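Peer 1: Protein chains in written order, with the working numbering: chain Z, 1 to 342; chain X, 343 to 684.
For glycine and all other residues, C-beta sits at the position ideal for the given N, C-alpha and C.
All figures in this text were calculated on a predicted structure; none of them were measured in a lab.
This is the structure, below, for whatever I ask next.
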DNA sequence: CTGAAAGCGCTTACAG
DNA sequence: CTGAAAGCGCTTACAG
């Protein structure tokens, strides 16, 4: 490996000149000829700067750690896209870690968060992380942004307006003429979680605005299997028996859960949307491709990611950034095949 | 931030002792008391080693770059899981980059592959990368493993036995009694690609083993939309008109494509598996949850990832590792709802 | 075990 | 612009 010193020698200039050239520094002016000689030397020697060394000097790595609950969560796709684009725009590279392997005291976490390795951390869905990991992330003095509104206690965070998203979903069903609408969700992932409460609040708000009575939530985790189970045991029997208290429509917390609900309906012989309408929350490419195509509420996932990076970049730079909810891009109901009038 | 020097001072020992303690070096023996004092000092000062500096000395970063065609490709989920587990086992941390942003000359690529930043690179599905990127990766002198058998020209690679996988898929349909089986796939992603040819070869092998005549491939890209389009235009009309040359079963190159095929069949009123059986290739969590649940062939994706890391680790360590196809875990057909006897 | 020292490859002032 | 030098925080010989 060629070093900067060798490049300087080959180009017949001093090291600081090469360094300035590489960093595109404007404080040092050099002649076009110098510039060309340096460029040629770099080219010929195949020189690449040793970034580890640069980090040692600048105490900056231009690496951001991103912690996600699980790598293959389709709900995260657009958030990650936003994060990567934001990172590119701000000159960072991403180190992505799965929370599954980030149990407290894990080697991976140490490596990922080691002070000298990354400039900052983005944590998505903190509720999926255990306390040890969270305090490990937060207590390290590293700038951290949570894409989540669960960890308001002194940390920086940015969140979607979940209450409003669910309100819009519920609104969509009310407008179709539904009056018996169930809310699916609510099994808290951690004791800290207030997310589901917020979401349920949006459901209540929509119903009350139309003088309809809210119903108790159908408690259910977010995995497809849990949606499947909840629908099969708590909804399907009532629908099949045409009981009066059976819902005619469902607002499901989560598109992943809703996939399980649709599968359960199929298996139980419940027609969607003939017998029951279903609307999911921030759908994915798959929910739109599977049949029947799921109606969902579109949330600004991409923006959550890209603005999260922008926020983190500011914090790293020592600027103040208020935490808050992403409100300027309103949720939008996307009607597809799983919702209809009762 | 505390430094090693400060720790040494606080513990009343020399720097080399602290360094040895941190690295768990066995060449230097220290008393239990010394060990305890060092541990206490580290704890009290909240010391974390500066890995950038360590890299500078050891010329190792313990970071691996992973390049994927797109982050949200569900087919990659298990490969990534394998890569992360393998990385943890071998003491590496992962830097994950999306090929979409890795066009030639991109900053991200530079950063990701910069000699001093990572010890090695894993590239999945090289066919999705442009030539400039590929030569950038390969020409840098960095150890690289391609999880792919397309780039045999002097590079290290590890691949699935695609021909055998498709053979097993085809075999499954033959055993159900099908005789008119179409192969879906074949639009090469890059001129280099021989993958699809290999897959088609597996289809031919299975048919010939049963004295059945292979049919020309239905040429089709791998996105769901392309599967949708191909089925709608080239298969559905013949099936609906009950033409003699209509296939009774389909082997689809790819579970992603097959999702599109199922959607197209639904929309065209073609019953699956009543009118046509469909089997996909290495399915994902979603293909098993959507209804009807897709029959697929299970491939050792996880192992591809974890062994890829093991291979790369050996290469980084200067050992020789033969490239090859992962043959010891045979493909297995998983019959679900989309395949039946004709 | 200790302690003083060299050096990894840069960046950054600093005197010319 | 140049050139000699300090120093980032470690690891690694090396003499005691």
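#1: Where in the stretch 235-278 of chain Z do unbroken runs of the alpha helix (DSSP H), each at least 4 residues long, occur, reported from the N-terminal end onward?
#2: Along the chain, where does the alpha helix (DSSP H) containing residue 156 of chain Z start, and where does it finish?
#3: Determine, for residue 486 of chain X, whether the minimum Cβ-Cβ distance to residues of chain Z falls below 8 Å.
#4: Taking just the CA atoms, how far does residue 486 of chain X sit from residue 446 of chain X?
#5: Compare the beta carbon distance of residue 64 of chain Z and residue 87 of chain Z with 8 Å and say whether it is the shorter of the two.
#6: Answer yes or no: does any C-beta atom of chain X fall closer than 8 Å to that of residue 55 of chain Z?
#7: Give a single yes or no on whether residue 569 of chain X has its beta carbon closer than 7 Å to a heavy atom of the ligand ZN.
#8: Touch check for the stretch 519-530 of chain X and the stretch 560-573 of chain X: three-plus C-beta pairs under 8 Å?
#9: Against chain X, does residue 263 of chain Z count as a neighbour if the rule is that its beta carbon must be under 8 Å from one of theirs?
#10: Compare the beta carbon distance of residue 341 of chain Z and residue 176 of chain Z with 8 Å and say whether it is the shorter of the two.
#11: Note down, in chain order, every chain X residue with its Cβ under 8 Å from the Cβ of residue 299 of chain Z.
#12: What is the DSSP secondary structure of residue 343 of chain Z, reduced to helix, strand or coil?
#13: Less than 6 Å between C-beta atoms, sequence neighbours within five positions excluded: which residues of the same chain meet that for residue 231 of chain Z?
#14: Rounded C-beta distance between residue 462 of chain X and residue 508 of chain X? I'm assuming under 8 Å.
#15: How many Å lie between residue 14 of chain Z and residue 8 of chain Z at the Cα?
#16: Just to confirm, is the Cβ distance from residue 95 of chain Z to residue 435 of chain X under 8 Å?
#17: Go ahead and label residue 590 of chain X buried or exposed: buried means 16 or more other beta carbons lie within 10 angstroms of its beta carbon, across all protein chains shown.
#18: Please list, in chain order, all residues of the same chain as residue 207 of chain Z whose beta carbon is under 8 Å from its beta carbon, the five residues on each side excluded.
#19: How is residue 437 of chain X classed by DSSP in three states: helix, strand or coil?
#20: Closest to residue 256 of chain Z by C-alpha separation, out of Z:284, Z:47, Z:240, Z:267, would be which residue?
#21: Find the nearest neighbour of residue 353 of chain X within the set X:375, X:365, X:653, judged by alpha-carbon distance.
#22: Could you tell me whether the Cβ atoms of residue 466 of chain X and residue 484 of chain X are closer together than 8 Å?
#23: Going by C-alpha distance, which of Z:72, Z:97, Z:41 is nearest residue 2 of chain Z?
#24: What separation, rounded to the nearest whole angstrom, lies between the Cα atoms of residue 308 of chain X and residue 390 of chain X?
#25: Quick one: give me the first and last residue of the beta strand (DSSP E) that residue 339 of chain X is part of.
#26: If you reduce the DSSP assignment to three classes, tell me which class residue 75 of chain Z lands in.
#27: Between the Cα of residue 640 of chain X and the Cα atoms of X:678, X:648, X:657, X:369, which residue gives the shortest distance?
#28: Tell me whether the beta-carbon of residue 601 of chain X lies closer than 8 Å to the beta-carbon of residue 289 of chain Z.
#29: Along chain Z, which residues have their Cβ under 7 Å away from the Cβ of residue 602 of chain X?
#30: Starting from the beta carbon of residue 414 of chain X, find every residue of chain Z whose beta carbon is closer than 9 Å, and list them in chain order.
#31: Can you tell me whether residue 533 of chain X is buried or exposed, with buried defined as 16 or more other CB within 10 angstroms of its CB?
#32: Look up residue 64 of chain Z in the DSSP assignment and give the residues it is bridged to.
#33: By DSSP, does residue 324 of chain Z sit in helix, in strand, or in coil?
#34: Can you tell me where the alpha helix (DSSP H) with residue 356 of chain Z in it begins and where it stops?
#35: Verify whether the separation of the beta carbon atoms of residue 592 of chain X and residue 500 of chain X is less than 8 Å.
#36: Comparing the C-beta of residue 273 of chain Z with each C-beta of chain X, is any distance below 8 Å?
Peer 2: A quick look at the data gives this:
#1: 236-240, 255-268
#2: For the purposes of this step, residue 156 of chain Z is taken as the residue at position 156 of the first chain. Note, residue 156 of chain Z: premise wrong, no alpha helix (DSSP H); beta strand (DSSP E) at 156-160.
#3: Along the second chain, one-based indexing puts residue 486 of chain X at 144. With 8 Å as the cut-off, residue 486 of chain X does not count as an interface residue toward chain Z.
#4: Counted from its first residue, the second chain places residue 446 of chain X at position 104. Counted from its first residue, the second chain places residue 486 of chain X at position 144. Unreliable positioning characterises residue 446 of chain X in this predicted model, as indicated by a pLDDT of 49, which lies under 50. The coordinate reading is nonetheless provided below. One C-alpha to the other measures close to 17 Å.
#5: Taking the first chain and counting its residues from 1, one reaches residue 64 of chain Z at position 64. Taking the first chain and counting its residues from 1, one reaches residue 87 of chain Z at position 87. Contact flag set, yes.
#6: Position 55 of the first chain, counting from 1, holds the residue named residue 55 of chain Z. Answer yes: the Cβ-Cβ gap between residue 55 of chain Z and chain X drops below 8 Å somewhere.
#7: The ligand ZN is absent from the structure shown, which contains no ligands of any kind.
#8: yes
#9: For the purposes of this step, residue 263 of chain Z is taken as residue 263 along the first chain, with counting starting at 1. By this cut-off, residue 263 of chain Z is an interface position.
#10: In the first chain, residue 341 of chain Z corresponds to position 341, counting from 1. In the first chain, residue 176 of chain Z corresponds to position 176, counting from 1. Contact: yes.
#11: Position 299 of the first chain, counted from the start, is the residue given in the question as residue 299 of chain Z. Chain X residues near residue 299 of chain Z: none, gap ~16 Å exceeds 8 Å.
#12: Any property of residue 343 of chain Z remains undetermined from this structure, which presents chain Z solely from 1 to 342.
#13: As a first step, residue 231 of chain Z must be located in the first chain, where it is residue number 231. 261, 264.
#14: Taking the second chain and counting its residues from 1, one reaches residue 462 of chain X at position 120. Taking the second chain and counting its residues from 1, one reaches residue 508 of chain X at position 166. Not confirmed; about 31 Å, so no contact.
#15: Position 14 of the first chain holds residue 14 of chain Z. Position 8 of the first chain holds residue 8 of chain Z. Straight-line Cα distance between these residues: approximately 5 Å.
#16: The sequence position of residue 95 of chain Z within the first chain is 95, counting from 1. The sequence position of residue 435 of chain X within the second chain is 93, counting from 1. Yes, the pair counts as a contact, with Cβ atoms nearer than the cut-off.
#17: Working through the second chain from its first residue, we reach residue 590 of chain X at position 248. So residue 590 of chain X ends up on the buried side.
#18: In the first chain, the residue the question calls residue 207 of chain Z occupies position 207. The answer, listed in chain order, is 170, 174, 181, 213, 214.
#19: As a first step, residue 437 of chain X must be located in the second chain, where it is residue number 95. Strand at residue 437 of chain X.
#20: Position 256 of the first chain, counting from 1, holds the residue named residue 256 of chain Z. When only C-alpha atoms are compared, the closest one is Z:284.
#21: The residue given as residue 353 of chain X occupies position 11 in the second chain. Selected option, being the one with the closest Cα: X:375.
#22: Along the second chain, read from residue 1 onward, the residue named residue 466 of chain X stands at position 124. Along the second chain, read from residue 1 onward, the residue named residue 484 of chain X stands at position 142. No, Cβ-Cβ distance for residue 466 of chain X and residue 484 of chain X is not below 8 Å.
#23: The residue you call residue 2 of chain Z lines up with position 2 of the first chain. If we check each option's Cα against that of residue 2 of chain Z, Z:41 comes out closest.
#24: The structure shown does not extend to residue 308 of chain X, since chain X is modelled only from 343 through 684, so no value can be given for it.
#25: Residue 339 of chain X lies beyond the stretch modelled for chain X, which goes from 343 to 684, so this question has no answer here.
#26: For the purposes of this step, residue 75 of chain Z is taken as residue 75 along the first chain, with counting starting at 1. Residue 75 of chain Z falls in the helix class under three-state DSSP.
#27: The residue labelled residue 640 of chain X in the question sits at position 298 within the second chain. Out of X:678, X:648, X:657, X:369, X:678 has the C-alpha closest to the C-alpha of residue 640 of chain X.
#28: To locate residue 601 of chain X, count along the second chain from 1; it is residue 259. To locate residue 289 of chain Z, count along the first chain from 1; it is residue 289. Yes, the pair counts as a contact, with Cβ atoms nearer than the cut-off.
#29: Residue numbering aside, residue 602 of chain X sits at position 260 when the second chain is read from its first letter. Per Cβ cutoff of 7 Å: 289.
#30: Your numbering for residue 414 of chain X matches position 72 in the second chain. What residue 414 of chain X touches in chain Z: 72, 74, 76, 77, 78, 80, 81, 284, 285.
#31: Within the second chain, numbered from 1, the residue matching residue 533 of chain X stands at position 191. Interpretation of residue 533 of chain X is limited by its pLDDT of 46, a score under 50 that renders its predicted location unreliable; no figure is taken from the coordinates.
#32: Along the first chain, read from residue 1 onward, the residue named residue 64 of chain Z stands at position 64. Beta-bridge pairing links residue 64 of chain Z to Z:94, Z:120.
#33: Taking the first chain and counting its residues from 1, one reaches residue 324 of chain Z at position 324. Of the three classes helix, strand and coil, the one that applies to residue 324 of chain Z here is strand, per DSSP.
#34: Because chain Z is modelled from 1 through 342, residue 356 of chain Z falls outside the range shown and cannot be assessed.
#35: Reading the second chain from its first residue, position 250 is the one you call residue 592 of chain X. Reading the second chain from its first residue, position 158 is the one you call residue 500 of chain X. No; because the gap between Cβ atoms is not below 8 Å, this pair is not in contact.
#36: As a position in the first chain, residue 273 of chain Z is number 273, starting the count at 1. With 8 Å as the cut-off, residue 273 of chain Z does not count as an interface residue toward chain X.
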